[in-house]
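Engineer: A single structure is presented below for examination.
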Amino acid sequence: MEKIKLVLVNCLLLLLYSCGSSEDYQGKWKAVNLDGDKYEITFLQKKITIKEISGNTVQHTFIQTGMGHQGSTERTIDNYTILLNNGAKYQIYFPKNDETIGIILDENGAPLFTISRKDFLSYDAFSKLE
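Residue numbering for the sequence shown follows the numbering used here, starting at 626 and increasing by one per position.
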């Protein structure tokens, strides 16, 4: 019985590790944190780069661990959960029927960054869109 559990756990871990990230959020984003600091965030298949406009850069590998839907829109997926190699868990949420504007939340649902493909979008401006 223990061997079966071990095999199942290993299969699950392999499945999670091999899952790629969604194309909805891959690419470059203009991002703003709650303090108004500007960043460029780039999502690749399994890597996230967070670059401050001042030049400091942080990179992490990640796996996508979930996707889901909130609210009553007709969309089937509007949020993605990723787990970074440092243990942090982020949720990437698209509140509109538009994957060009979104927000990155921490594992407790607190906002970390607003993201936009086109412009730096403050949290106040973002909250008026919802």
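Glycine residues also receive a C-beta, built at the ideal position from the N, C-alpha and C atoms.
(1) Give the secondary structure of residue 752 by DSSP, where H, G and I count as helix, E and B as strand, and everything else as coil.
(2) Around the C-beta of residue 703, are 16 or more other C-beta atoms found within 10 angstroms, so that it is buried, or is it exposed?
(3) Spell out a yes or no on whether the stretch 714 to 729 and the stretch 738 to 747 are touching, meaning 3 or more CB-CB pairs, one atom from each, closer than 8 Å.
(4) Less than 7 Å between CB atoms is the rule here; does residue 685 satisfy it with respect to chain D?
(5) Between the alpha carbons of residue 749 and residue 678, how many angstroms are there, rounded?
(6) Determine whether the beta carbon atoms of residue 689 and residue 707 lie at a separation below 7 Å.
(7) Alpha carbon to alpha carbon, how far is residue 667 from residue 737? Give it in angstroms, no decimals.
(8) According to DSSP, is residue 666 helix, strand or coil?
Structural biologist: Taking the structure as given:
(1) Position 127 of the sequence shown holds residue 752. Residue 752 carries a helical assignment under DSSP once its states are collapsed to helix, strand and coil.
(2) Stepping through the sequence shown from its first residue, residue 703 is reached at position 78. If you draw a 10 Å sphere on the C-beta of residue 703, you find 16 or more other C-beta atoms in it, and that means buried.
(3) The stretch 714 to 729 is in contact with the stretch 738 to 747.
(4) Among the chains of the structure shown, chain D does not appear; only one protein chain is present.
(5) In the sequence shown, counting from the first residue as 1, residue 749 sits at position 124. In the sequence shown, counting from the first residue as 1, residue 678 sits at position 53. One C-alpha to the other measures close to 20 Å.
(6) Sequence index remark: in the sequence shown, residue 689 carries index 64 (1-based). Sequence index remark: in the sequence shown, residue 707 carries index 82 (1-based). Yes.
(7) Sequence index remark: in the sequence shown, residue 737 carries index 112 (1-based). Sequence index remark: in the sequence shown, residue 667 carries index 42 (1-based). If you draw a straight line from the Cα of residue 737 to the Cα of residue 667, it comes to about 15 Å.
(8) Working through the sequence shown from its first residue, we reach residue 666 at position 41. In the structure shown, residue 666 sits in a strand (DSSP, three-state: E or B).
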